[in-house]
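In what follows, a single structure is set out as structure tokens and then discussed.
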Amino acid sequence: MVGCETDRPSSGGTSAAITSLAQSVAKRLYGSGNGTINAEVTGRTTQIEVNADGTKTMLTGGTKTIYSWDTDKGEITQKTETVKSHSEVLRNPLVNLNEEIQRLEELLMSKKSHLKSKLSIFIFYLTLFILFVKYEKMI
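The numbering of the sequence shown is my numbering, which starts it at 346 and goes up by one.
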């Protein structure tokens with residue numbers, strides 16, 4: 346799992362404490378060793394600039410923290426690295442989300458649909474629902 350903009354101010358209002366979103370995800374994912382322990386959670390902190398055309402540019406600097414489960418120690422470990430020094434324009438993957446949702450709905454209704462099993466149909470509708478929820482949160 347990879348996240349960007351990992352640190353956010355505490356929602357407590359007056360507290361200046363920083364809570365790492367990536368670390369919170371790692372704690373829930375690993376579940377004290379009872380969860381998914383063979384995955385890494387990577388979080389990055391950097392400044393992101395929004396351009397006039399809506400694209401985003403990741404500015405130079407920042408850090409990358411990798412969280413993983415140490416089976417021998419029975420705990421979460423973390424390693425922090427410096428992010429490569431370059432700027433990169435980030436593309437918004439949800440920019441055409443409404444069109445993609447419509448395309449998926451049309452595919453499902455078409456006679457050419459290859460969705461044969463109930464599981465395939467369930468997964469398809471679940472994906473469609475998740476995309477719809479993401480779209481609703483954007484507008």
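Virtual Cβ for every residue (Gly too), placed ideally from N, Cα, C. Just so you know, these numbers come straight off a predicted model, no measurement behind them.
Does the separation of the CB atoms of residue 414 and residue 388 fall below 8 Å? Locating residue 414 in the sequence shown gives position 69, where the first residue counts as 1. Locating residue 388 in the sequence shown gives position 43, where the first residue counts as 1. No; because the gap between Cβ atoms is not below 8 Å, this pair is not in contact.
Cut-off 8 Å between Cβ atoms - residues of its own chain near residue 372, not counting five sequence neighbours on either side: Locating residue 372 in the sequence shown gives position 27, counting from the first residue. Contacts found: 421.
Paired residues, beta bridge with residue 420 - DSSP: Against the sequence shown, residue 420 aligns to sequence position 75. Per DSSP, 415.
Between which two residues does the alpha helix (DSSP H) harbouring residue 369 extend? Residue mapping note: residue 369 aligns to position 24 of the sequence shown, counting from 1. Note, residue 369: alpha helix (DSSP H), 366-375.
Residue 378 by DSSP, collapsed to three states: which one? Within the sequence shown, residue 378 is the residue found at index 33, counting from 1. Helix.
When burial is assigned at 16 or more other CB atoms within 10 Å of the CB, is residue 409 buried or exposed? Counted from its first residue, the sequence shown places residue 409 at position 64. With 16 or more Cβ atoms within 10 Å of its Cβ, residue 409 is classed as buried.
Please classify residue 444: does DSSP put it in a helix, a strand, or coil? Taking the sequence shown and counting its residues from 1, one reaches residue 444 at position 99. Here residue 444 sits in helix by DSSP.
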